[in-house]
Amino acid sequence: MKKQLNEIVLEGKSRAAEQTYFRLPQFQLGFDVGKGPSSLISCKDIFLSHLHADHCAGIRSILSERKLRQSSHPLRIYLPLYAKEKLDSILQLWQELDRREYDYQLIGVEHGKDFWIRPHLRVRAFSLYHRIPTFGYTLYQKKQTLPPLHRSKSQQELLQLQQEGVPNFQTHEVPLLSYFTDTTIQALEEYPHVFQSSILILECTFWEADHHKFAEKTGHIHLQDIAQRASSFQNDYLVLIHVSLRYSPKRVRALAKEILPPTLQKKLILWLE
Ligand SMILES: [Zn+2]
Ligand SMILES: [Zn+2]
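Quick note on numbering that gives the first Met the number 0: the sequence shown kicks off at 0 and runs consecutively.
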């Protein structure tokens, strides 16, 4: 599936237990790798939420394919710190079997850490609540705007001010996107900043009313949890992902319509492939 959401192009696939990955082609950035589709080999940075297979099984495919296609830059893979050495050992063994050296760098993620992936792009990591250590991420972009005082000025006048050493632009950061999977709803209470992101990619694994117990048991979010907090979502888009394969797309659409208020439905994207 591929969508243009504001200025962001979002590509990816996501169903629970099958695979989850997303790519932002204009930033050469990925979140999770799923089964390792070829499209991800163009990424420079990939942030893994956690080490469950449906989110990371394809790492080796991507690294191997990048090598075959002689990709010009190493891939930076960000992952929960506890898993860094273990994954490196696994990749060392794969390289021995493959008799090829993969071009990658593993970077350990800890709660609250910031990663400047480009001069104008920062990714912040935060701990989620799941069965194994898991991280959510928010992508911030530095933007420059003219202060109100200068907005009516012509190009010529702005140039003049610049030559006189008067700064024309104000720099500020915009939260472009938050990636929030796999987790219980508790994390949403703790990180209200994600409600301010233009795009919130949020897991919603369980949907039927009597499946709430599964959500609690397995560390996931239920549709009711989202409905109860409907007024909190200030985002332009709410992208619901990681839907269990037990629900057909038709049933998911019907439940979204029945349970979520119209204000939320307007910004809702159901990512069901
Ligand atoms: Zn998962
Ligand atoms: Zn998981």
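Beta carbons are placed, not taken as given, at the ideal position from N, Cα and C, and that holds for glycine. Keep in mind it's a predicted model, so treat the numbers as computed, not measured.
Tell whether a beta-carbon distance below 8 Å holds between residue i and residue j.
i: K43; j: Q27; result: yes
i: L96; j: L86; result: no
i: R14; j: L244; result: yes
i: T180; j: E202; result: yes
i: Y190; j: F125; result: yes
i: E172; j: Y139; result: yes
i: T204; j: H129; result: no
i: E64; j: S38; result: no
i: K266; j: Y236; result: yes
i: L176; j: I7; result: yes
i: L263; j: V242; result: no
i: I131; j: H221; result: no
i: S70; j: I40; result: yes
i: T274; j: S196; result: The displayed coordinates of the chain run from 0 to 272. Any statement about residue 274 would go beyond what the structure contains.
i: L62; j: L23; result: no
i: R252; j: L269; result: yes
Whole angstroms are fine: how far does the CA of residue j sit from the CA of residue i?
i: H54; j: A16; result: 9 Å
i: K34; j: Q233; result: 32 Å
i: I225; j: K12; result: 21 Å
i: I240; j: L199; result: 10 Å
i: L47; j: Y178; result: 10 Å
i: E10; j: Q169; result: 32 Å
i: L254; j: H210; result: 13 Å
i: Q94; j: A186; result: 37 Å
i: L80; j: Q154; result: 49 Å
i: R75; j: E257; result: 42 Å
i: W206; j: K212; result: 11 Å
i: R98; j: Q18; result: 28 Å
i: L92; j: D31; result: 22 Å
Name the one or two DSSP bridge partners that residue i has.
i: H171; result: K142
i: E202; result: I240
i: F194; result: Answer is none; F194 lacks a bridge partner.
i: G11; result: F21
i: I268; result: V238
i: K1; result: E10
i: G135; result: F125
i: Y178; result: Y136, I200
i: H221; result: F205
i: P79; result: V108
| query | Counting Cβ pairs, one atom from each stretch, are 3 or more of them under 8 Å apart for the segment 142-160 and the segment 98-116? | reply | no
| Counting only runs that start and end within the segment 17-77, where is the beta strand (DSSP E) found for 3 or more residues in a row? | As far as the segment 17-77 is concerned, its whole beta strand (DSSP E) runs of at least 3 residues are 18-23, 28-32, 44-46.
| request: For the segment 86-131, list the beta strand (DSSP E) runs that are entirely contained and at least 3 residues long, ordered along the chain. | output: Runs of the beta strand (DSSP E) lying entirely within the segment 86-131, each at least 3 residues long, are 103-108, 113-117, 120-126 in chain order.
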